Every structure is written in C-alpha cells, then in structure tokens.
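Here is the structure we will look at, set down as structure tokens.
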Amino acid sequence: MDDLTCLKRAQCQLLRTLGKGAFGRVYLVDPGDGDEHAAKVMNMQDFNEREWEAAGRLAEKIGHCPYIIRYDGIFNAQKSVVILMEYANMPSLGSIIDANGRMPTEDEVKMMIWQLLQGVEAIHSADLMHRDLKPENILMHNPKDTDDVLLKISDFGLSRSLANSGLATTHCGTPLQMAPEVLIENGAFNNKADLWAVGIMIHPFKSDTLAQLTRRVVRPPRRISGISEDCWNLLTRLLAVQPKHRLSAQEALKHKFFDDIFYIVDNATGMIVGGGQGQSSSLDSYINTFNQNQSIQENQQKEKENIRNKDEEGGKQIQQQQSNSPTNKINQASLSLGTSLVLAASYATSGAYQMPGYI
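Take the sequence shown: its position 325, counted from the start at 1, is 325 in the numbering used here, and no numbers get skipped.
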C-alpha cells in the first residue's frame, strides 16, 4: 500500500512532503481539524513495541507539555503504520545554530536549556528516558499569531520505559552525546544519562575517534572562558562523571542560573503568559538572525535560478561568446563558487531541516 493510501486510511489530507529517512517518510497533513500535523509513515516491520509504548505514555501523561512534540494518534494501515504528531514549523536547534553564523549568547542559551529541561523533566516524570537527546532532535516552533519561540523535544524512537526498575540496560544513542556510564560501562543506567546529554549541548566534546572520546568523558570539563560562574557551575553538575553526583532535571531547573526566569506557561496552549525579565526577547533575537540569513539565502537562490534561466534562454552561442572574454571567465568562476555556496545554504534552509526530529 502506498503512503497516500495509508494517509487516506488515517483520514489525513496530504499537504506536502517534509522528508524521508531510512525508517520512514514524513508528511505535512491536515487530519480534518484544520490544523497542520506531521504524519510519519513507517513499514510495520520497522515499527517496534517500544515506540508504541513511548507514544502512548507521552500522549497519556505528558501530552500537555509545550516543550515536547505531541503524539496525536497511531493508525494501523495493514503493512504500514501512520504516526500523527504535532508539527513544529521551524528547523531543528542544530540546524539553526549551524546556519546562524554565530553561537548563541549566554542569555539565549539560558532560555534554550530552561525550556529543554522542562521537557526532560516531563519525560522523566512519566517514567521514560529519551536516550538520544541532541540538537538535531530538538525542533523549534513559533505558535500562530505570537512572537514566542518554543523548543520541542522529538524523536522518541530510542526512548525507554523505566517504570519497573528505573534502569535501562540497552546501550544506544549518539556516541558524542553518551554519558560515561552508557559509553564505557556495560551495566544498567538511569535517566541521569539524559542530563549528561543536556550538558553536552552546552559544552560539546570534540573527539576524532571513539577511543579518544572514551578517555575524554571521564575527565572534568575544561573551563570555558567568558561565561558566568552560575553557568559554569550548572554545566559541571550536569557533566558529573558519576550519575549519583549529576543533577536531575528537577534539580537543574532550581539552579540559581535560572533565578531570573519566572515565566508562567499555560499548559493548554504552551504560551508564556506572565513574568520574565526580557530573556525571551534575547532568544527571539537569535531566531530573527537566523530568519534574516534565511531570507538572504532564499533571495540568492532565486537570483541564481534567474541567471540559470536567462543562460538557457540566451542559447549556447551567446554563452560561448561570453566565455571568450577574460573578464567574463573570472566572473563565471566567481559565479560558480557562489552558486555552490548558495546550494549548500539553500539545503540548510530547506524542509530537510525538519527530518532529524521526525525520522
């Protein structure tokens, strides 16, 4: 059965394709409520009980949390499964950082990590752990008719229930984000591994080999210049090598680094409805920088396409005459270089950004 038929069986109207991956295809759909949703279509053999369990628990216990991608339903379509999810209308955090041209300031990091910890705390309160937290799995969303920017944790394909023992034993995830007890030891680990991953988002470790990374994670993080003592203290307590010394999400949210954040969130809408000292505006500024860069790149892409169309219409004879001019040879070489950069930028600002968090 093709994907379009699967979506129709789930009573979803296809709007456009968001992305494709090894284990699924993701589409923007309208399930009949007038809102845009993301629909992930997977082959039944690629869909495991863990994802069913995580989706059900998320929908039941933490569907209200504004910092987690909401699961809206799972539909069996014979040999395929359709997972209906909340649609985040902005790229992943990793994509925005890569394309922004500058690293976020400490105030911007503060708002990002605060929102992320809110989502992690909600996940852990449901006796789940994520096990693959990384910037590519953190989507961003601008709610309709607002200037707010919300971080939303996605991709629960590796999540694990801790309801029975509070421990997990299957070692999986992204190596650069793995806690020492996951990367090195063979025993059980708990949800403190997710807090290590949050710390790594603040202060990534760079390693060329797995052996080098293994040696690196058991040493204390190197002091970062230019950040406050409160930020550094939070970071070192998130990156404590021993899980028993590492902060929980709930403890981290009470850290003095976040003392000047006192937003009240309406759980029904995810909107910030009160308080604050302008911290959200600094995050908006970071997103605005990305949007400006995106607009410039889109204009460059359009200009490139216009030049390409004019060249095609002009014919090979005119192109040959232009190529004989030394000046134009230089211009063509510059255009060729510029085009390759524009193509890279346009890929970075395309809907492919959305793929990591859904697939």
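The C-beta atom is built at its ideal place from N, Cα and C for all residues, glycine as well. All figures in this text were calculated on a predicted structure; none of them were measured in a lab.
Integer-rounded CB distance, given that S92 should sit under 8 Å from E136: 5 Å
Spatially closest choice to I200 from D2, S225, S228, V241, by CA coordinates: V241
Assumed close pair P221, H203 - CB separation to whole angstroms, cut-off 8 Å: Yes, they are in contact, since the Cβ atoms of P221 and H203 sit about 6 Å apart, within 8 Å.
Contact check, V198 vs L128, beta carbons under 8 Å: no
K110 vs F258 beta-carbon contact at 8 Å: yes
Integer-rounded CB distance, given that V29 should sit under 8 Å from L7: At roughly 6 Å, the Cβ-Cβ gap stays under 8 Å, so L7 and V29 are in contact.
Beta bridge counterpart(s) of M42 as assigned by DSSP: V81
Through-space distance from D107 to L15, alpha-carbon basis: The alpha-carbon atoms of L15 and D107 are separated by roughly 37 Å.
Coarse secondary structure for E36, derived from DSSP in three states: coil
Cutoff 8 Å: I138 Cβ touching any chain D Cβ: The structure shown contains no chain D, having only a single protein chain.
Identity of the residue in V81, I83, I69, V82 nearest N89 by Cα: Ranking V81, I83, I69, V82 by CA distance to the CA of N89 puts I69 first.
Helix, strand or coil at R428 [DSSP, three-state]: The chain is shown from 1 up to 359; residue 428 falls before or after that span and cannot be answered.
Residues bridged to M178 [DSSP beta-bridge criterion]: As far as DSSP is concerned, M178 takes part in no beta bridge.
Alpha-carbon spacing of P82 relative to A10, whole angstroms: This sequence places Val at residue 82; Pro is not what is there. So the alpha carbons of these two residues sit roughly 7 Å apart.
Between the CA atoms of L133 and R25 - distance to the nearest angstrom: Looking at the two C-alpha atoms, the distance is approximately 21 Å.
Per-residue burial, M85 [other beta carbons within 10 Å of its own, 16 or more giving buried]: With 16 or more other Cβ atoms from the protein chains shown falling within 10 Å of its own Cβ, M85 counts as buried.
Rounded distance between the beta-carbons of M1 and Q78, thought under 8 Å: 6 Å
Local conformation of G19 per DSSP, three classes: strand
Distance between beta carbons of L238 and R246, contact taken as under 8 Å: Indeed they touch by this definition, with Cβ atoms about 7 Å apart.
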